[in-house]
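Asker: I'd like to ask some things about the structure below.
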Amino acid sequence: MELNKIIQGDCIQIMKEMPSRYIDLIVTDPPYGDNVGYGWNNKTIINNENPLINCTALVEMYRVLKLNSSLYLFTNWKHYPFLTEFISRYTKFKIRHLVVWEKHNFGLGWAFRHQYELILVLEKGKPKYNLKNFSDVQTASHINHNKSNHPHQKPVDLLMKMIEHSSKVGDLVLDPFAGSGSTGKACEKLDRKWIGIELDEKWINRREKDNGK
Ligand SMILES: C[S@@+](CC[C@H](N)C(=O)[O-])C[C@H]1O[C@@H](n2cnc3c(N)ncnc32)[C@H](O)[C@@H]1O
Numbered sequence: 002m003e004l005n006k007i008i009q010g011d012c013i014q015i016m017k018e019m020p021s022r023y024i025d026l027i028v029t030d031p032p033y034g035d036n037v038g039y040g041w042n043n044k045t046i047i048n049n050e051n052p053l054i055n056c057t058a059l060v061e062m063y064r065v066l067k068l069n070s071s072l073y074l075f076t077n078w079k080h081y082p083f084l085t086e087f088i089s090r091y092t093k094f095k096i097r098h099l100v101v102w103e104k105h106n107f108g109l110g111w112a113f114r115h116q117y118e119l120i121l122v123l124e125k126g127k128p129k130y131n132l133k134n135f136s137d138v139q140t141a142s143h144i145n146h147n148k149s150n151h152p153h154q155k156p157v158d159l160l161m162k163m164i165e166h167s168s169k170v171g172d173l174v175l176d177p178f179a180g181s182g183s184t185g186k187a188c189e190k191l192d193r194k195w196i197g198i199e200l201d202e203k204w205i206n207r208r209e210k211d212n213g214k
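Letter by letter, the sequence shown follows residues 2 to 214 of our numbering.
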């Protein structure tokens, strides 16, 4: 499988083509299943109406991860109870921790603005962690929506923190719901190899355009 690029396709099918115990770390941000549009342009993403998509993918994610490795899984407060119930009952992952991503910046508007998102830390075996100062509240700026960017683009500095904490130089990191490819960018800055998978060609083309390809 080609490394350091986003593969276009359904992550469940593509992960099925990967050998077992192949990946050192997974960092991913699946659709939350809340079926809403985002930002001024009310953009939607594929499978956002499907709260089961990340559950189904978790089974393959477990298989492709090496023993003693971690998975960082973005979620939100609505999907969290359903997701943790599924993980505990139907996967072999251990739920190690819940990290809160606190956004420096959040827009004003109606009541209860979203200033945080959640990141579940799941373990296969007993992974080692590298940073002594990694807090369970991580602060990073939210990326504002514009007409052309991905409505869920995640900050590269936040992703780098998790990658640094749970992998070493040269390790292979997977993001099966890659979107605009932020995880790949974070890996490149930290000299990790990476594989991204994204179903929607639009975001892959957008990334290539931004990178001047
Ligand atoms: C929340 S977004 C990820 C955004 C990404 N973290 C970023 O920084 O740009 C989730 C992505 O998963 C993609 N997706 C949905 N179902 C998928 C599937 N079955 N296989 C691969 N990608 C999928 C969507 O098209 C969407 O771009």
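Glycine residues also receive a C-beta, built at the ideal position from the N, C-alpha and C atoms.
Ends of the beta strand (DSSP E) at residue 183?
Answerer: Looking at the DSSP string, residue 183 is not in any beta strand (DSSP E); the run it does join, the alpha helix (DSSP H), is 183-190.
Asker: With DSSP run on the structure shown, which of helix, strand or coil describes residue 166?
Answerer: Residue 166: helix per DSSP, three-state reduction.
Asker: Residues in the same chain with beta-carbon distance under 6 Å from residue 141, minus the five sequence neighbours each way, listed in chain order, please.
Answerer: Result list for residue 141: 156, 158, 159, in chain order.
Asker: Determine the burial state of residue 177: buried for a count of at least 16 other Cβ atoms within 10 Å of its Cβ, exposed for fewer.
Answerer: When all chains shown are included, residue 177 counts as buried.
Asker: Tell me the rounded alpha-carbon separation between residue 3 and residue 197.
Answerer: Taking the straight line joining both Cα atoms gives about 10 Å.
Asker: Beta-carbon separation of residue 249 and residue 72 under 9 Å?
Answerer: A query on residue 249 cannot be resolved here, the shown segment of the chain reaching from 2 to 214 and no further.
Asker: Taking residue 5 and residue 194 to be in contact with their CB atoms under 8 Å, please state how far apart those CB atoms are, rounded to whole angstroms.
Answerer: 6 Å between Cβ atoms; contact.
Asker: Given that a residue counts as buried once 16 or more other Cβ atoms are within 10 Å of its Cβ, and exposed if not, what is residue 89?
Answerer: With fewer than 16 other Cβ atoms within 10 Å, it is exposed.
Asker: Expressed to the nearest angstrom, what Euclidean distance is found between the alpha-carbon atoms of residue 56 and residue 106?
Answerer: Looking at the two C-alpha atoms, the distance is approximately 30 Å.
Asker: So the candidates are 94, 30, 51, 166; which of them puts its Cα closest to the Cα of residue 131?
Answerer: Of the candidates 94, 30, 51, 166, the one whose C-alpha sits nearest the C-alpha of residue 131 is 166.
Asker: One question on the structure: do residue 63 and residue 17 come within less than 9 Å of each other, judged by their Cβ atoms?
Answerer: No, the pair does not count as a contact, with Cβ atoms beyond the cut-off.
Asker: Ignore the nearest five residues each way along the sequence and tell me which others in residue 171's own chain have a CB closer than 8 Å to its CB.
Answerer: Contacts found: 192, 193, 194.
Asker: Rounding to the nearest angstrom, what Cα-Cα distance links residue 1 and residue 152 in this structure?
Answerer: Outside the displayed span of the chain (2 to 214) sits residue 1, for which this structure offers no information.
Asker: Any heavy atom of ligand 1 within a distance shorter than 8 Å of the CB on residue 204?
Answerer: Yes, ligand 1 has a heavy atom inside 8 Å of this Cβ.
Asker: Hey, quick one: how far does the alpha helix (DSSP H) through residue 61 stretch, first residue to last?
Answerer: Element bounds for residue 61: 54-65.
Asker: List the endpoints of the continuous alpha helix (DSSP H) containing residue 193.
Answerer: It is not in any alpha helix (DSSP H) - residue 193 carries neither H nor E in the DSSP assignment.
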